[in-house]
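There are 2 protein chains.
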Amino acid sequence: MARFALTLEFDGGAFMGLQRQAHGPSVQQSVEEAVQKITGEDVRMHSAGRTDAGVHALAMRSHVDIAKDITPFRLMEAINALVRPAPIAVTACAVVPDDWHARFSCIGRSYIYRIVNRRAPLTLDKGHAWHLARPLDAEAMHRAAQALVGRHDFTTFRSAHCQAHDPVKTLDRLDVRREGECVLIEASARSFLHHQVRSMVGTLALVGLGQWREGQVAEALAARQRQALGLNAPPDGLYFVGARYPE
Amino acid sequence: MARFALTLEFDGGAFMGLQRQAHGPSVQQSVEEAVQKITGEDVRMHSAGRTDAGVHALAMRSHVDIAKDITPFRLMEAINALVRPAPIAVTACAVVPDDWHARFSCIGRSYIYRIVNRRAPLTLDKGHAWHLARPLDAEAMHRAAQALVGRHDFTTFRSAHCQAHDPVKTLDRLDVRREGECVLIEASARSFLHHQVRSMVGTLALVGLGQWREGQVAEALAARQRQALGLNAPPDGLYFVGARYPE
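Taken in sequence, the protein lines are chains A and B.
Reading the first sequence from the start, the letters are residues 1 to 247 in UniProt numbering.
Reading the second sequence from the start, the letters are residues 1 to 247 in UniProt numbering.
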């Protein structure tokens, strides 16, 4: 039995989410079924993050345990061939020690959120960004975001369905910057609550639009209740971009 | 009667091409029908380039003549509202002099071609890039490309359906560079023959893969026959990125 770490890229628009769902397609189901065809084994895939329907990944980290004798390269190629036409790609694959766990060993998760900020609707970016037509003040968003960095009770920025027992998380980084007509938000933490990044982005967007004062973000955080939330940003703009592990 | 210049962005995967086609949807038909709804006038849209099915545009330049009294901003907003859900966006609109012609006044056209060069299949970039799994030598491609820059008979790099009477064109620029797992090819000329960019890219790809010697590109050009062509690259990776006009 060997443990294989997978790096996954996927277009979340085609799935009900990364993890298996009773009611629709998931990345986990596609990959597990591909591995089952390759090995004849029933495997369970574990992943660093649990992304919602419509949320994308550039480099999700996952693992599966396989008894069959197979090289990482052949496993990667075979999964990529079998998951088609689902928009999932294994971009890297390696054998890891048995005590390495894609979810439990992970000590840092990073997301990028993409807003396209222009009058015109999206064409090539449809489903891959949040479209906001009115001008955003990205610098005000960045300043307001700094109130969220650090160790806080993020109850305000947490889904009603969040299963974490503790709403206290340490946000390491929340940077907002403009690149042409795009506003990009980068978030890093050891872990996030369900909907936390989308809730923070939605609230910062209200600041960017001038509907909220910068200081209201800190007030919403201090309120520690979901009703204080400004807005939950749509999944389309959210990308899981990386997971960090101890050396 | 006023002439309105439009800047268009579109996802070519949804169309049989920019120009009207008897057998399927086109960008031209979508925009003309939107303008007809807005103005009640039968208009004809003229454009700087004629892109094939699957070819995208970030900034195509076009124009329409309209009798109705309407501001450029309102025209742009109304077209954007009416073309939905077709993946077309008017990103800029301005009134121009009557002798300004999107096609005939244009003195420069630029394209970018995107290759994603990696083992793993495409997910988020599906339909928006050419996927080549074997490693490309982008520097060899760039060197080989320089044989095509300048004034030449481009018969080798021209579609059998090309309607231009003269196969002689002046290619101002053909640059190839790698950006991570992408290989980007930028081409600029006053005008191009039908399939010229895709034909040049396909041939350069053979050099990048090591299947052609660098010098074979110059030999294929000198042959001045379509049979000397290496390969026609698929439309998915091609973007019309800009048109230049006299001040």
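Backbone N, C-alpha and C define an ideal beta-carbon position, used for all residues, glycine too.
Which class does residue i belong to by DSSP, given the choice of helix, strand or coil?
{"i": "residue 248 of chain B", "result": "Here chain B has residues from 1 to 247 only, and residue 248 of chain B is not among them."}
{"i": "Ser188 of chain A", "result": "strand"}
{"i": "Phe154 of chain A", "result": "coil"}
{"i": "Thr203 of chain B", "result": "helix"}
{"i": "Leu231 of chain B", "result": "coil"}
{"i": "His142 of chain A", "result": "helix"}
{"i": "Glu219 of chain B", "result": "helix"}
{"i": "Ser160 of chain B", "result": "The residue asked about is misnamed: residue 160 of chain B is Ala in this sequence, not Ser. In this structure, Ala160 of chain B counts as coil in the three-state DSSP scheme."}
{"i": "Gly208 of chain B", "result": "helix"}
{"i": "Val149 of chain A", "result": "coil"}
{"i": "Arg198 of chain A", "result": "helix"}
{"i": "Arg173 of chain A", "result": "strand"}
{"i": "Gly108 of chain A", "result": "strand"}
{"i": "Gly237 of chain A", "result": "helix"}
{"i": "Arg178 of chain B", "result": "strand"}
{"i": "Arg226 of chain A", "result": "helix"}
{"i": "Arg134 of chain A", "result": "coil"}
{"i": "Ala5 of chain A", "result": "strand"}
{"i": "Ala243 of chain A", "result": "strand"}
{"i": "Arg119 of chain A", "result": "coil"}
Using beta carbons (cut-off 9 Å, strictly below), is residue i in contact with chain A?
{"i": "Val241 of chain B", "result": "no"}
{"i": "Thr51 of chain B", "result": "no"}
{"i": "Glu77 of chain B", "result": "yes"}
{"i": "Thr91 of chain B", "result": "yes"}
Within 10 angstroms of its Cβ, does residue i collect 16 or more other Cβ (buried), or is it exposed?
{"i": "Pro135 of chain B", "result": "exposed"}
{"i": "Phe104 of chain A", "result": "exposed"}
{"i": "Gly40 of chain B", "result": "exposed"}
{"i": "Pro85 of chain A", "result": "exposed"}
{"i": "Arg198 of chain A", "result": "buried"}
{"i": "Phe192 of chain A", "result": "buried"}
{"i": "Met45 of chain A", "result": "buried"}
{"i": "Ile107 of chain B", "result": "exposed"}
{"i": "Arg114 of chain B", "result": "buried"}
{"i": "Met141 of chain B", "result": "buried"}
{"i": "Gly237 of chain A", "result": "buried"}
{"i": "Gly180 of chain B", "result": "exposed"}
{"i": "Lys37 of chain B", "result": "exposed"}
{"i": "Arg190 of chain B", "result": "exposed"}
{"i": "Gly215 of chain B", "result": "exposed"}
{"i": "Glu9 of chain B", "result": "buried"}
Which residues in chain B have a C-beta closer than 9 Å to the C-beta of residue i? List them in chain order.
{"i": "His56 of chain A", "result": "Thr123, Leu124"}
Any C-beta of chain B sitting closer than 9 Å to the C-beta of residue i?
{"i": "Asp153 of chain A", "result": "no"}
{"i": "Ile88 of chain A", "result": "yes"}
{"i": "Arg74 of chain A", "result": "no"}
{"i": "Leu117 of chain A", "result": "Contrary to the premise, residue 117 of chain A reads as Asn rather than Leu in this sequence. Chain B contact via Cβ: absent."}
{"i": "Asn80 of chain A", "result": "yes"}
Anything in chain A within Cβ reach of residue i, meaning under 9 Å, just list it in chain order.
{"i": "Arg84 of chain B", "result": "Pro121"}
Starting from the beta carbon of residue i, find every residue of chain B whose beta carbon is closer than 8 Å, and list them in chain order.
{"i": "Phe15 of chain A", "result": "Those do not exist, as Phe15 of chain A stays about 11 Å from chain B at its closest Cβ, beyond 8 Å."}
{"i": "Glu9 of chain A", "result": "Ala120, Thr123, Leu124"}
What residues of chain A sit near residue i, judged by a beta carbon separation below 8 Å?
{"i": "His128 of chain B", "result": "Leu124"}
{"i": "Thr203 of chain B", "result": "None at all; the shortest Cβ gap to chain A is about 26 Å."}
Does residue i have its Cβ less than 9 Å from a Cβ in chain D?
{"i": "Ile185 of chain B", "result": "No chain D is present in this structure, whose protein chains are A and B."}
- Message: Ignoring anything shorter than 3 residues, give me the beta strand (DSSP E) runs that lie fully in the UniProt domain "Pseudouridine synthase I TruA alpha/beta" (9-104) of chain B, in order along the chain.
- Response: Along the UniProt domain "Pseudouridine synthase I TruA alpha/beta" (9-104) of chain B, the beta strand (DSSP E) occurs as fully enclosed runs of 3 or more residues at 56-66, 88-96, listed in sequence order.
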